[in-house]
Amino acid sequence: MNSARIELRAQAIDKEIETTNHHQEALPTLNSVVDPIAHLPLEISSEIFILCLPERPEVKPTLSPLLFLQICRSWRDIALSTPSLWSRIYCGRLAGVAAHNLHLWLSRAKTLPLTITISLPEDATAAIPTVLKKHAPQTKNLSVEVHSAAHAKAILTSFPILEVLELKLTYPWRGSAEFSKVCRDIICAAPRLLKCHILNLPERGDISSIYPTQIPCPCLRELELSDGKLLLQLTLPALESLSVKNLNLPHADLQDFLSRSKPPLRSLRFEVSHNISVKSLRLVPSLTNLTLVFNNYSAESLDVLSLLAADAEFLPNLREIIIRNWHHPRHDYDLLARVLEARSQLRSLRVFLPDPAQANYTPTNECVATLQSLSKQRSETHVVLGYDDYNYLSPES
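If you read the sequence shown in full-length UniProt numbering, its first letter stands for residue 1, the second for the next number, and so on.
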């Protein structure tokens, strides 16, 4: 090839390079026409991206925010410049995540408070708990499902801004006092905790011999437990809502908890049993909402309702009573009427029956008529007797 042909070839290449450069310079303008998002101010495009987030942001390339990273460079830049896109993450049982990806996701949130929902697999290594502990100073809402006390212990660290905690043991029969101990320690490590839900606590989880003293939780307002023994370890002066599946504590223990906490309790839910300490409830006269869940019939299980009907000084501020799984014999229905008659301040009485197929628990016509009459006299009180979708007192509604 002679020099003249080489020169012509070089000129042609230079022209192609110049044309390519012109195209690259024009590309942002063209993109702004085809893709309006790229032409918007970052504040607006970021807000649009945030509105596109699913309720449960998962680590999946087909869902936002990871989807945004794959569209084009402009969208990727917007996504990586918007920390709010990365401040929430959901990793449920069927949505596993590698420790590296979890850390990368949470790091993109910069300094924003984090909301983390994660289920640790049964064969979980220390890698994911290590990531959770690294980001604990930023974690504001944490929901963790674990298979063992060892998994729960692996995430134990200081949570200085944690406000909402949910801790669930996948298989409660694997539980032990060790799991209860770890739950107590995690609560202790979160001084700003407002809401706490600990599910599937083992019934053999009494750790009072391990920790003879109680920890104060000055901010905790809402507590849900599957077993009441953990109350022996806590002092809750700000508690407003308490839900306990198994509240079978000796009278002295429950009274001690309420006496030392002196909580401004407004809402209480528990499963009724024959040995529930009804007298202790006199220590929470502030109670306005009471939910009773009946599992087994016994005369003693009606003590709460009997006191409500007979003693106006017992829970004097009560405004709402909800009864779940009411499966008492028909002759006990008149007790409901006596409660309604005695409690003039009551604004809602809702009694839900078990399976409709169990005819033994169907109210008699006389009972329905009595409650209907009282309900009409008390127009300010909402009365329900039946099921979630059917009320014997208002069958037409």
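Where a beta carbon is used, it is the ideal one built from N, C-alpha and C, also for glycine.
Quick one: grab the DSSP three-state call for residue i.
{"i": "Gly92", "result": "coil"}
{"i": "His382", "result": "strand"}
{"i": "Phe314", "result": "coil"}
{"i": "Leu340", "result": "helix"}
{"i": "Glu224", "result": "strand"}
{"i": "His39", "result": "helix"}
{"i": "His197", "result": "strand"}
{"i": "Val368", "result": "helix"}
{"i": "Val59", "result": "coil"}
{"i": "Val284", "result": "coil"}
{"i": "Ser243", "result": "strand"}
{"i": "Asp256", "result": "helix"}
{"i": "His328", "result": "coil"}
{"i": "Asp14", "result": "helix"}
{"i": "Lys262", "result": "coil"}
{"i": "Val97", "result": "coil"}
{"i": "Asn2", "result": "coil"}
{"i": "Ile71", "result": "coil"}
{"i": "Asp355", "result": "coil"}
{"i": "Lys110", "result": "coil"}
{"i": "Thr19", "result": "helix"}
{"i": "Pro83", "result": "helix"}
{"i": "Gln24", "result": "helix"}
From the DSSP output, which residues share a beta bridge with residue i?
{"i": "Tyr390", "result": "Tyr387"}
{"i": "Arg350", "result": "Ile322 and Val384"}
{"i": "Thr291", "result": "Arg269 and Ile322"}
{"i": "Pro216", "result": "Thr235"}
Answer yes or no: do residue i and residue j have a C-beta to C-beta separation smaller than 8 Å?
{"i": "Arg324", "j": "Asn289", "result": "no"}
{"i": "His100", "j": "Leu120", "result": "no"}
{"i": "Leu106", "j": "Trp75", "result": "no"}
{"i": "Ser226", "j": "Asn246", "result": "yes"}
{"i": "Leu302", "j": "Leu308", "result": "no"}
{"i": "Ile37", "j": "Ile48", "result": "yes"}
{"i": "residue 416", "j": "Arg184", "result": "For the chain, the structure presents residues 1 to 397; residue 416 sits outside this window and is missing."}
{"i": "Val304", "j": "Arg350", "result": "no"}
{"i": "Leu318", "j": "Arg343", "result": "yes"}
{"i": "Leu142", "j": "Leu165", "result": "yes"}
{"i": "Leu268", "j": "Leu242", "result": "yes"}
{"i": "Tyr387", "j": "Leu353", "result": "yes"}
{"i": "Ala154", "j": "Pro129", "result": "yes"}
{"i": "Leu63", "j": "Pro54", "result": "yes"}
{"i": "Leu283", "j": "Leu258", "result": "yes"}
{"i": "Glu222", "j": "Leu194", "result": "yes"}
{"i": "Ile71", "j": "Ser45", "result": "no"}
{"i": "Leu201", "j": "Val182", "result": "no"}
{"i": "Leu198", "j": "Leu230", "result": "Checking the sequence shown, residue 198 turns out to be Ile, not Leu. Contact flag set, yes."}
Are there 16 or more other CB atoms within 10 angstroms of the CB of residue i, so buried, or fewer, so exposed?
{"i": "Leu104", "result": "exposed"}
{"i": "Thr139", "result": "buried"}
{"i": "Ile118", "result": "buried"}
{"i": "Ser379", "result": "exposed"}
{"i": "Gln233", "result": "buried"}
{"i": "Arg93", "result": "exposed"}
{"i": "Ser3", "result": "exposed"}
{"i": "Ser280", "result": "buried"}
{"i": "Glu43", "result": "exposed"}
{"i": "Glu18", "result": "exposed"}
{"i": "Lys376", "result": "exposed"}
{"i": "Glu366", "result": "exposed"}
{"i": "Ala109", "result": "buried"}
{"i": "Pro218", "result": "exposed"}
{"i": "Ile89", "result": "buried"}
For this session: Please specify which runs of the alpha helix (DSSP H), each continuous and at least 4 residues long, are wholly inside the stretch 112-194, giving them in chain order.
Result: Taking only runs of at least 4 residues, the alpha helix (DSSP H) segments lying wholly in the stretch 112-194 are 127-134, 149-154 and 177-188.
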